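Number of protein chains: 2
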Amino acid sequence: MSSTPFPVSADQRYFESYEVGGVVRFGSVEVTQEEIIAFGTRFDPQSFHVDPEAARQSPFGGLIASGWHTAGLMMRLLTDHYLSSVAAMGSPGIDELRWLAPVRPGDRLSLRVTVREAVPSRSKPDRGLIRSFIEVLNQNEVVVMTLVAMLLVGRRPA
Amino acid sequence: MSSTPFPVSADQRYFESYEVGGVVRFGSVEVTQEEIIAFGTRFDPQSFHVDPEAARQSPFGGLIASGWHTAGLMMRLLTDHYLSSVAAMGSPGIDELRWLAPVRPGDRLSLRVTVREAVPSRSKPDRGLIRSFIEVLNQNEVVVMTLVAMLLVGRRPA
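Chains Z and S are the protein sequences, given in the same order. The numbering used here puts the first residue of the first sequence at 63, with every later residue one more than the last. The numbering used here puts the first residue of the second sequence at 63, with every later residue one more than the last.
Take a look at the structure:
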């Protein structure tokens, strides 16, 4: 996976480092048929995720990754490049998760992340909430998945 | 995993089988420390998902499952018990995904699913959209995750 273009290194990245309107682009990660089938077998055993022959007969025309597998790969790219190694405090949730195009064996995924909002916590002065719009793109620049993520991030110590 | 209490067997379950207001409860699946670490290592390598000792020092007080792992286990319960084996056509997306309580090694998860809306497609008369509210509960009846899922389901052949 490529190194991050984020202007502040992960070990110095606090709530204050996420600038509203800022856009970063990073990745990538390859999607293999082996992992599509392994993930599908455990977590989403619908035929179009686990059986290449049945998938060919399906409306998808071939094996596609579980949408949750795509979400997992996105999370890996976020942890490798975007989340603060010192200040990330988890996520209360996700909004508007959309699967827009199939993800197939051999695809290579990358992310484009836009910070929409950065709100200091009123009740807990040591942290804030970052709301980011995340796009997952394939090697042809097709957007395959989008979502709005909430991230709790610690504030820079005084 | 236990058998489904859904009144119509999966091979006869079409769009028309999902009744608005209907609630079904099913599961379960156990969350193991081994799988928490394996999932985290591949998809969400934050210390509180992969390193039991670091997790003990974290605000979570111990190892917790990646929220995407919990989502994957929910999907497995849906595919085993809820989705139609003949008519499920994938999902355009998810709204209001919320991680409400930690999921820990040894937890046992089950689902409660409430059908909120069933809308026949205007453009494609062979299918409809089911909107369901899904709650993931642990063995103590604590709701650990909720979301609103959209499911495309084929209509019963005339």
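Even glycine gets a Cβ: it sits at the ideal position worked out from N, Cα and C. Predicted model only: the values in this text are computed from it and were never measured.
Using a Cβ-Cβ cut-off of 7 Å (strictly less than) and excluding sequence neighbours within five positions of residue i, which residues of its own chain qualify?
i: Ser128(S); result: Phe101, Gly102, Phe105, Asp106, His111
i: Gly152(Z); result: Leu214
i: Ala211(Z); result: Ser153, Ile156, Ser194, Ile196
i: Ile98(Z); result: His111, Leu125, Ala127, His131, Pro167
From the DSSP output, read off the bridge partner residues of residue i.
i: Arg170(S); result: Glu92(S)
i: Leu199(Z); result: Ser172(Z), Val205(Z)
i: Glu179(S); result: Arg193(S)
i: Gly216(Z); result: Arg189(Z)
i: Val85(Z); result: Thr176(Z)
Going along the chain, which residues of its own chain have a beta-carbon closer than 6 Å to the beta-carbon of residue i, five neighbours each way excluded?
i: Val85(Z); result: Thr176
i: Val204(S); result: Ala163
i: Ile192(S); result: Tyr80, Ala180, Leu213, Val215
i: Pro114(Z); result: Leu125
i: Gln201(S); result: Arg170
Is residue j closer than 8 Å to residue i when the C-beta atoms are compared?
i: Ser146(Z); j: Val215(Z); result: yes
i: Arg170(S); j: Gly124(S); result: no
i: Leu209(Z); j: Leu139(Z); result: no
i: Gln119(Z); j: Ala150(S); result: no
i: Val93(S); j: Leu135(S); result: yes
i: Ala117(S); j: Ile126(S); result: yes
i: Pro206(Z); j: Thr132(Z); result: Per the sequence shown, residue 206(Z) should be read as Val rather than Pro. Yes, the pair counts as a contact, with Cβ atoms nearer than the cut-off.
i: Trp130(S); j: Trp130(Z); result: yes
i: Phe77(Z); j: Arg184(Z); result: no
Beta-carbon of residue i versus every beta-carbon of chain Z: anything under 8 Å?
i: Leu191(S); result: no
i: Ala133(S); result: yes
i: Asp188(S); result: no
i: Ala116(S); result: no
i: Ala220(S); result: no
i: Gln108(S); result: yes
i: Gly216(S); result: no
i: Gly129(S); result: yes
Assuming residue i is part of the beta strand (DSSP E), what are its boundary residues?
i: Glu78(S); result: Taken as a continuous stretch (DSSP letters only), Glu78(S) belongs to no beta strand (DSSP E), as it is neither H nor E.
i: Arg160(S); result: 155-161
Compare the C-beta of residue i with all C-beta atoms of chain S and state if any pair is closer than 8 Å.
i: Met63(Z); result: Low local confidence applies: a pLDDT of 40 at Met63(Z) is under 50, so the model's placement there is unreliable, and no value is given.
i: Glu158(Z); result: yes
i: Pro154(Z); result: yes
i: Phe105(Z); result: yes
i: Ala150(Z); result: yes
i: Arg138(Z); result: yes
i: Thr222(Z); result: Limits of chain Z in this structure are 63 at one end and 220 at the other, which puts residue 222(Z) out of reach.
i: Thr176(Z); result: no
Between which two residues does the alpha helix (DSSP H) holding residue i run?
i: Gln119(S); result: 114-119
i: Asp142(S); result: 129-143
Give every residue of the same chain whose Cβ lies closer than 8 Å to the Cβ of residue i, excluding the five residues on either side of it in the sequence, and list them in chain order.
i: Phe122(S); result: Phe110, Pro164
i: Pro187(Z); result: Arg217
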